[in-house]
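Chains as they are written, first to last, in the working numbering: chain R, 247 to 308; chain U, 20 to 317.
Backbone N, C-alpha and C fix where the C-beta goes; we use that ideal spot for every residue, glycine too.
Please read all numbers here as calculations on a predicted model, not as lab measurements.
Input: a single structure, listed below in structure tokens.
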């Protein structure tokens, strides 16, 4: 089966909540920084930012 | 020396056959990928089809049975038309902001193939009528063939199988809803604000179980999103995939929700556009025609 959706990057405020995965993790110290980094990454990678509601965003390519 | 009644039959059949194809071409301008060269390609194909159809009766009269077998040979040629359209549309679909989807493409390709057969049949009819009657009979047969082909080619639209109405767009945290149907999760506050300002929500409610099964087809849903975007204009670029219109299904009732960010916020015309989306041949499902389907429905 072909993998059609995948996480291209993770942007998080809480380093303890993510790890051990293939996608690069970006740590942000404030919500503003997190939003900015996520926006840039989503534009560059042409992906969509999804909010996991635990201080972590994943950028998913659909 | 060519028999003049043969010539008359063939010419009449060819001319009317190509004319019918031309009128059918005009009807599907919106889904038609290219003008003017695509049109020329298809008119040429129609010409070949019409010649084959029109020549069949004179060939039979002359007891040239080999000539008639060319009809069968031609049929395989026109299968190529379908493959040609499919390949081209699939390639073009890759660069489409809102793709048509494979089901829609297959439907279009099938229509192109079928129309050539219709032309062949019409030319045969006109040729026969002209040969055994006169030109006037040929014209009447041509008109009749035109009416039949229009009837055969006019498929259903979404408005026939479902009620289309506006739906309220809202967020619960990052989750986007149209009424109570969940569409997707959007992380960015800015994007959510734009959705609340600009997006239009549409709810599509099937009239019966047949409609519900048809709307469940994912290809049909992609086609709805594509047609809405093609007609209304879309607020999206390649690097903002979050504004891609999507259609999701309510598992309990089979209703669909479309979320769409148009360039011009005009719900009235969006509803009209959605109503006119063709029901794809490959999506049509009729469980109500079977005993079990009817029993399960109540």
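Between residue 264 of chain R and residue 274 of chain U, the alpha-carbon positions lie close to 37 Å from each other. Taking residue 317 of chain U as the centre and dropping the five residues before and after it, the same chain places no C-beta closer than 8 Å to its C-beta. Taking the CA atoms as reference points, residue 29 of chain U sits about 36 Å from residue 301 of chain U. Note on residue 168 of chain U: 16 or more other CB atoms within 10 angstroms of its CB, so buried under the neighbour-count rule.
Listed along chain R, the residues sitting closer than 8 Å to residue 261 of chain U by beta-carbon distance are 288, 294 and 295. Per DSSP, reduced to three states, the secondary structure at residue 167 of chain U is helical.
Considered as a whole, the segment 197-280 of chain U harbours 200-204, 219-225, 265-268 and 275-279 as its complete beta strand (DSSP E) runs of no fewer than 3 residues, in chain order. Bounds of the alpha helix (DSSP H) holding residue 105 of chain U are 84-112. Identification of chain R residues near residue 257 of chain U by a Cβ-Cβ cut-off of 8 Å yields 292, ordered along the chain.
Judged by beta-carbon spacing, residue 298 of chain U lies within the 8 Å limit of residue 180 of chain U, meaning their Cβ atoms are closer than that value. Interface with chain R (8 Å Cβ-Cβ cutoff): residue 204 of chain U is included. In chain order, 192 and 193 make up the part of chain U whose C-beta sits under 8 Å from the C-beta of residue 299 of chain R. Counted as a single uninterrupted DSSP element, the stretch harbouring residue 307 of chain R is not any alpha helix (DSSP H) but the beta strand (DSSP E) occupying residues 302-307. By the Cβ neighbour-count rule, residue 226 of chain U is exposed, with fewer than 16 other Cβ atoms within 10 Å of its own.
In summary, residue 120 of chain U is buried, with 16 or more beta-carbon neighbours lying within 10 Å of its beta-carbon over all protein chains present. At a C-beta separation below 7 Å, residue 303 of chain R has these neighbours in chain U: 206. The beta carbons of residue 286 of chain U and residue 185 of chain U sit about 5 Å from each other, so the pair counts as a contact at 8 Å.
DSSP places residue 191 of chain U within a strand segment (E or B) once states are collapsed to three.
If you ignore the 5 residues before and after residue 240 of chain U, its C-beta comes within less than 7 Å of the C-beta of 266 and 275, all in its own chain and listed in chain order. Nearest Cα to residue 32 of chain U within the set U:176, U:188 and U:161: U:161.
Between the segment 75-86 of chain U and the segment 59-67 of chain U there are fewer than three C-beta pairs closer than 8 Å, too few to call the two in contact.
Sequence-distant partners of residue 312 of chain U (beyond 5 residues in either direction) whose C-beta falls short of 7 Å from its own C-beta, in its chain, are 228 and 306.
The residue from U:277, U:207, U:191 and U:131 with its alpha-carbon nearest to that of residue 57 of chain U is U:131.
Under the 10 Å beta carbon count, residue 262 of chain R is surrounded by fewer than 16 other beta carbons and is classified as exposed.
Taking 8 Å as the cut-off, the Cβ atoms of residue 287 of chain R and residue 305 of chain R count as close. In this structure, the CA atom of residue 252 of chain R is about 33 Å from the CA atom of residue 292 of chain U.
Fewer than three Cβ pairs drawn from the segment 87-95 of chain U and the segment 105-112 of chain U lie within less than 8 Å of each other, which leaves the two stretches out of contact. Residue 255 of chain U is classed as buried because its beta carbon has at least 16 other beta carbons within 10 Å across all chains shown. Residue range 121-151 is occupied by the alpha helix (DSSP H) that includes residue 122 of chain U.
Distances from the CA of residue 231 of chain U to each of U:177, U:36 and U:138 were compared; the closest alpha carbon is that of U:177. In the DSSP assignment, residue 302 of chain U falls outside any beta strand (DSSP E), carrying neither H nor E.
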